[in-house]
Structure formats: C-alpha cells, structure tokens
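S.K.: In UniProt numbering, the protein residues as written are 1 to 118. Note that CB positions come from ideal geometry on N, CA and C, so glycine has one too.
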C-alpha cells in the first residue's frame, strides 16, 4: 500500500490518490467505500492476471508451425547441388552454378539428405 502523507492521523489520503476518503466510520459509509474500492482493485488484479496468461497463448497460436522464415533455398536447388558435388565439382563452382552461398552449400552437402530438406 502506498505510504500515507500528512500527519499520520489522516489515514484516508495516500500519495497515489488525491481524493481523500474518510475511513473513520463517522459518516457511516467510510468502511463500505473502502471495501468497494478493494473489490474493484481485486477485480482489476484478476483481469490483469487473466490477460497476462492469455497473451502468451495468443502469441503461441499466431506463430507458424515451423519457426523461422521461409526456406532460403528450394529443395530442387539443393538436390542439384548434391548432384554437382557427386560429379566432382568444387563448392565454388557449385555456388556459381546454383546461386547458393558456399557456407550454405557446405551445410546442405554435409547434412543427411532427409534432414536438410525438412
């Protein structure tokens, strides 16, 4: 709870609330008003917690099944690169013919065929 300001006897006024609430009970409605405000505060805490739990779920549902962007190189190009490698071409020649960078070629050509395509 925020620290009260004033002389200490003024319990209804806090730094976060510029409107003084009489909680002494002299007017008859002070404790009821405090309970009503506490009820609203509890509702806000509940709704905030529900929104906090729902947001990750919405984000998870909106993500694509496969993380990351689209595949950088078509599987046909990768297969063509494998064929060229089997024929004895160097990585530089395969990169020039297929347009796939040498670093990607190295990754594709050293990985098993099923893992690189999926």
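Between 91, 112 and 97, which lies nearest to residue 105 when the distance is taken from Cα to Cα?
M.R.: Here residue 105 refers to the residue found at position 105 of the chain shown. Residue 91 is the option with its Cα nearest to residue 105.
S.K.: Where are the alpha helix (DSSP H) runs, 4 residues long or more, that stay fully inside the stretch 50 to 107, in chain order?
M.R.: Correct list: 75 to 86 and 91 to 98.
S.K.: Less than 7 Å between the C-beta atoms of residue 85 and residue 98, yes or no?
M.R.: Within the chain shown, numbered from 1, the residue matching residue 85 stands at position 85. Within the chain shown, numbered from 1, the residue matching residue 98 stands at position 98. No.
S.K.: Contact check, residue 94 vs residue 81 under 8 Å by CB: the rounded distance?
M.R.: Mapped onto the chain shown, residue 94 falls at position 94. Mapped onto the chain shown, residue 81 falls at position 81. 5 Å between Cβ atoms; contact.
S.K.: Leaving aside the five residues before and after residue 101 along the sequence, list all residues of the same chain whose C-beta is less than 7 Å from its C-beta, in chain order.
M.R.: In the chain shown, the residue the question calls residue 101 occupies position 101. Result list for residue 101: 95, in chain order.
S.K.: Which residue wins for smallest C-alpha separation from residue 83, given the options 44, 109 and 53?
M.R.: Locating residue 83 in the chain shown gives position 83, counting from the first residue. That would be 109, whose Cα lies nearest to the Cα of residue 83.
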